[in-house]
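Take a look at the structure below.
Protein chains in written order, with this note's numbering: chain H, 1 to 338; chain U, 339 to 676.
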């Protein structure tokens with residue numbers, strides 16, 4: 001298995017990418033191709049005292065600027081480390097692609113360069129989020145501001161396939177993010193999506209309100225990308241808020257003594273809430289696995305994103321999505337926006 | 339000052355309402371009228387050993403069912419404890435109204451019975467939410483699923499007036515809930531609302547992402563009611579999630595010892611995050627203050643909601659809103675939905 005990794009995505013590139021990649025090669029037994037400036041990669045490896053023996057480099061000198069219009073990823077093509085990685089993935093020169101670069105560009109690139117699974121209307125940004133019980137997948141977490149009901153149904157199909165094939169959850173529980181549990185709650189979008197989900201073969205458990213999201217009773221939560229992005233980032237922000245509070249409570253002499261008494265539990269909690277332990281966000285709907293690592297990823301986060309990429313390839317969930325999506329085609333209303 | 343209180347709203351009516359009302363009469367020096375079944379109120383007071391000397395009762399035998407269609411509050415009129423309270427407020431038989439009953443019915447009642455401030459397009463549900471620094475107001479938190487940009491501008495005007503006049507914050511900071519900080523982020527709604535807010539006389543600080551909401555740097559956050567409701571409830575859910583985690587960390591022998599060492603800080607944190615200490619959610623845009631207390635309110639929460647009602651009357655923020663709204667009229671596009 002060969003995983004393509006953008007060596008110049010994220011705040012800590014290329015050092016942390018290289019460290020994560022070297023560890024992945026050794027521990028996971030995958031092949032890795034790093035995309036980006038060969039000289040800089042070799043310099044960084046030398047500085048870090050790491051061997052690139054089992055890692056190949058696909059050279060390109062430029063980096064896709066995170067502030068650039070996402071759509072430009074299509075034109076810059078092979079000239080940037082991200083664009084080259086996407087192109088190689090499309091051409092079958094690797095089985096999955098990991099990048100910590102621009103999310104928007106990865107969405108566009110997954111759609112236009114890697115291409116979508118046949119029948120899939122939109123690529124969705126799909127992070128796994130830590131909850132009180134296990135993790136849940138949220139999609140769309142920001143790829144599509146405005147969605148149609150059929151898109152939400154497809155998100156549910158894709159998320160369900162992922163959770164079943166990659167995460168090993170039988171018959172994953174699906175819910176629709178909404179402002180009330182009743183079928184009559186929400187906007188036109190939720191009312192229509194509810195019907196489609198109810199009529200589907202999915203294990204649809206109805207609407208989920210904001211207050212129940214952190215419980216983790218549901219495996220896949222679907223929403224339009226605007227709402228999903230608000231949920232994702234508020235979730236992150238609340239996590240930060242509480243970890244600051246916990247730090248404050250456990251500061252000072254009494255606090256430090258107090259922390260010592262419960263150190264194991266605090267460490268376990270921190271690990272549970274650590275996004276980077278889970279990996280990155282999937283670009284669900286692309287023909288091959290594309291994973292967005294967090295912009296602030298360190299070596300451990302890159303390692304986990306590569307591990308997730310390997311699990312994606314092993315899980316063969318994309319065939320599952322293709323089949324499930326093909327079954328629903330024809331049931332939907334005709335649309336002209338493809 | 340006379341505050342009307344729905345004695346039969348919420349899960350703990352009428353006992354907790356009466357306890358909160360009696361405390362308010364004694365500590366805040368306000369007059370209180372309880373609406374609802376006089377016999378039941380007197381029975382409850384007797385059972386609790388409380389004197390109703392300084393409290394009057396406006397009798398009506400029925401209660402507006404929380405599962406009923408909100409719009410029915412208009413028809414049931416004076417026959418329910420909530421409907422009677424709204425009618426009395428409209429007729430000037432009280433200065434503010436507090437109820438822990440159906441939120442939807444209170445929105446409809448504030449609009450159709452109490453009536454809106456001249457020029458205000460929609461009544462918004464506006465809770466105060468505890469944050470890392472102080473509190474912020476979020477509106478609309480659920481009264482209007484779909485909003486137009488002009489409505490978001492009005493929400494900002496109303497929230498600003500409230501925070502300035504009632505909460506004593508000079509030149510309140512306003513932000514628009516969005517998926518990115520840049521002016522170009524969001525849906526059509528956010529793009530248009532951003533322009534209106536930027537052109538207004540408000541202290542508009544741009545977009546706020548989910549991750550920055552809990553910081554409390556902003557005093558008023560505006561959004562459509564769907565997004566706001568998701569934010570409000572996720573915020574509550576995350577609070578619950580972390581308080582459960584904290585409880586777990588501080589359980590067992592070591593945990594209990596640990597908790598003892600930092601008891602003061604934990605108590606202060608719990609108090610800071612306690613919604614019921616703040617009061618209820620305003621129905622901003624109504625001609626007179628209407629406050630929705632939490633459905634699970636206890637005596638302390640009712641007391642705080644009544645205290646908030648008093649602050650609203652003292653703050654005279656409604657005149658401020660009327661004036662500010664009148665200034666913006668004419669700047670907007672014509673609409674036919676009033």
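For each residue, glycine too, the CB sits at the ideal point set by N, CA and C.
| query | result |
| --- | --- |
| Grouping DSSP H, G and I as helix and E and B as strand, with all else coil, what is residue 292 of chain H? | strand |
| List, in chain order, every chain H residue whose beta-carbon is nearer than 7 Å to that of residue 552 of chain U. | 237, 238 and 241 |
| Please identify the residue among H:8, H:17 and H:29 whose C-alpha is closest to the C-alpha of residue 36 of chain H. | H:8 |
| Given residue 470 of chain U, which residues of its chain have a CB within under 8 Å of its CB, disregarding the five upstream and five downstream residues? | 552, 553 and 554 |
| Out of curiosity, what's the CA-to-CA distance linking residue 491 of chain U and residue 618 of chain U? | 23 Å |
| Along chain H, which residues have their Cβ under 8 Å away from the Cβ of residue 572 of chain U? | 210, 211, 213, 214, 231, 234, 235 and 238 |
| Residues in the region 527–544 of chain U with C-beta within 7 Å of chain H's C-beta atoms, listed in sequence order? | none |
| Among residues of its own chain, excluding the 5 on either side of residue 676 of chain U, which ones have a beta-carbon nearer than 8 Å to its beta-carbon? | Unreliable placement is indicated for residue 676 of chain U, whose pLDDT of 40 sits below 50; the coordinate value is still reported in the next sentence. The residues are 459. |
| Give the residues of chain H in contact with residue 607 of chain U, contact being defined as C-beta atoms less than 7 Å apart. | 245 and 249 |
| Can you list, in chain order, the stretches of the alpha helix (DSSP H) that have 4 or more residues and sit fully within the region 66–133 of chain H? | 72–76, 81–90 and 103–109 |
| With DSSP as the reference, label residue 481 of chain U as helix, strand or coil. | coil |
| Output yes if chain U places a C-beta closer than 8 Å to the C-beta of residue 226 of chain H; else output no. | yes |
| How long is the line joining the alpha carbons of residue 234 of chain H and residue 61 of chain H, rounded to whole angstroms? | 36 Å |
| In chain order, what are the residue ranges of uninterrupted beta strand (DSSP E) at least 3 long that sit wholly in the region 584–632 of chain U? | 619–622 and 628–630 |
| Would you say residue 17 of chain H reaches chain U, if we count a Cβ-Cβ gap shorter than 8 Å as a contact? | no |
| Please confirm if residue 482 of chain U has its CB atom under 8 Å from at least one CB of chain H. | no |
| In three-state DSSP terms, what is residue 577 of chain U? | helix |
| In the DSSP assignment, find the alpha helix (DSSP H) that holds residue 537 of chain U and state where it starts and stops. | 526–537 |
| Is DSSP giving residue 522 of chain U helix, strand or coil here? | coil |
| With a threshold of 8 Å between beta carbons, is residue 122 of chain H in contact with chain U? | no |
| For residue 138 of chain H, write down the residues that DSSP places opposite it in a beta bridge. | H:221 |
| Out of H:162, H:104, H:115 and H:172, state which residue places its alpha-carbon closest to the alpha-carbon of residue 142 of chain H. | H:104 |
| Work out the CA separation of residue 212 of chain H and residue 179 of chain H for me, nearest whole Å. | 11 Å |
| Just the Cα atoms here: how many angstroms apart are residue 586 of chain U and residue 522 of chain U? | 43 Å |
| Tell me the DSSP bridge mates of residue 33 of chain H? | H:4 and H:56 |
| Could you check which residue in U:384, U:342 and U:404 has the C-alpha nearest to that of residue 634 of chain U? | U:404 |
| Return no unless some Cβ of chain U is closer than 8 Å to the Cβ of residue 71 of chain H. | no |
| To the nearest angstrom, how far is it from the Cα of residue 425 of chain U to the Cα of residue 327 of chain H? | 55 Å |
| Could you check if residue 520 of chain U is buried or exposed, using at least 16 other CB atoms within 10 Å of its CB as the buried criterion? | exposed |
| Contact criterion: CB-CB distance below 8 Å. Does residue 345 of chain U meet it with respect to chain H? | no |
| Would you be able to state if there are at least three C-beta pairs under 8 Å between the region 613–633 of chain U and the region 495–503 of chain U? | yes |
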